[in-house]
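Asker: Chains as they are written, first to last, in my numbering: chain D, -2 to 110; chain B, 21 to 132.
For glycine and all other residues, C-beta sits at the position ideal for the given N, C-alpha and C.
#1: I need the boundaries of the beta strand (DSSP E) containing residue 29 of chain D, first residue and last residue.
#2: Can the beta-carbon of residue 95 of chain B be found closer than 8 angstroms to that of residue 82 of chain B?
#3: Provide the residue span of the beta strand (DSSP E) that contains residue 131 of chain B, from first to last.
#4: What would DSSP say about residue 40 of chain B, mapped onto helix, strand or coil?
#5: Does the region 41 to 48 of chain B come close enough to the region 58 to 68 of chain B to have 3 or more Cβ pairs within less than 8 angstroms?
#6: If I'm right that residue 103 of chain B touches residue 128 of chain B with Cβ under 8 angstroms, what's the distance once you round it to whole angstroms?
#7: Could I get the ranges of all uninterrupted beta strand (DSSP E) runs contained in the region 44 to 116 of chain B, with 3 residues as the minimum, in chain order?
#8: Quick one: which chain D residues come within Cβ less than 8 angstroms of residue 64 of chain B?
#9: Near residue 124 of chain B, which residues of its chain fall below 7 angstroms by C-beta distance, leaving aside the five closest residues on each side in sequence?
#10: Provide the residue span of the beta strand (DSSP E) that contains residue 74 of chain D, from first to last.
#11: Which of helix, strand or coil does DSSP assign to residue 23 of chain B?
#12: Under 6 angstroms Cβ to Cβ from residue 84 of chain B, same chain only, skipping five residues before and after it: list those, please.
#13: Thinking residue 90 of chain D and residue 22 of chain D are a contact (beta carbons under 8 angstroms), I'd like their distance in whole angstroms, please.
#14: In whole angstroms, what is the alpha-carbon distance linking residue 38 of chain B and residue 69 of chain B?
#15: So with CB distances below 7 angstroms, who are the chain B contacts of residue 104 of chain D?
#16: Using a cut-off of 8 angstroms between C-beta atoms, extract the partners of residue 96 of chain D located in chain B.
#17: So residue 24 of chain D and residue 0 of chain D are in contact, right, with Cβ under 8 angstroms, and what is the actual spacing, rounded?
#18: Assuming residue 78 of chain D and residue 12 of chain D are in contact, meaning their beta carbons sit under 8 angstroms apart, how far apart are those beta carbons, in whole angstroms?
#19: Assuming contact is defined by CB atoms lying nearer than 8 angstroms, are residue 35 of chain B and residue 90 of chain B in contact in what I supplied?
#20: Assuming residue 31 of chain D and residue 63 of chain D form a contact by the criterion Cβ under 8 angstroms, report the distance between their Cβ atoms to the nearest whole angstrom.
#21: DSSP three-state label for residue 93 of chain D, please.
#22: So with CB distances below 8 angstroms, who are the chain D contacts of residue 123 of chain B?
#23: Kindly indicate which residue of D:51, D:8, D:9 and D:14 has the alpha-carbon position closest to the one of residue 29 of chain D.
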């Protein structure tokens, strides 16, 4: 069983919908991440929360909004997405940021119609 | 120049052989190096990590790091069909230690 839990596993949403992806880690880590992965491409970093401070990939559109209620929880709020946003969204955590390995959840497969 | 480069493959090896996967990176300031295995439709799974020059062994896996050449490799001994997957090399930086950058991955096929 993974110690990084993501919900839902699958999500289909229309371009006018608002939805949220959720992630919880039970590893005591202080850094949490959102990655986006398209088919046959590597994961691409979207957001990092380290000690509850946000770092952003400047290329991520504002229709993606992260939230970190506490060091164990991470949400990704989705609004007015486009079909090209369809992808596997991966949550990860690590002990001390980039020096430590990332531990991934099972991902949320998002389809935007 | 790509930040982290890998041969996309596929790399085909017979069962029981040694698979050698290679990765080069551009940022000399990188400190941490990781290998992840990803099965189709699944999330990446950590295989090995290495911080210092030299070799690090864990079971059938050996990671090798040469910072002078900006080169990291993964050897898989006694390859099994279950090792067939995409192997992602990941490096911290550039952009600070919080940014881990992935290579495009090498697809490994182990032929029974």
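Answerer: For this structure:
#1: 28 to 34
#2: yes
#3: 126 to 131
#4: strand
#5: no
#6: 6 angstroms
#7: 53 to 58, 65 to 70, 74 to 78, 81 to 86, 91 to 96 and 105 to 112
#8: 40, 87, 99 and 101
#9: 26 and 28
#10: 70 to 76
#11: coil
#12: 75 and 93
#13: 4 angstroms
#14: 19 angstroms
#15: 63
#16: 51, 52, 71, 112 and 117
#17: 5 angstroms
#18: 6 angstroms
#19: no
#20: 6 angstroms
#21: strand
#22: 39
#23: D:51
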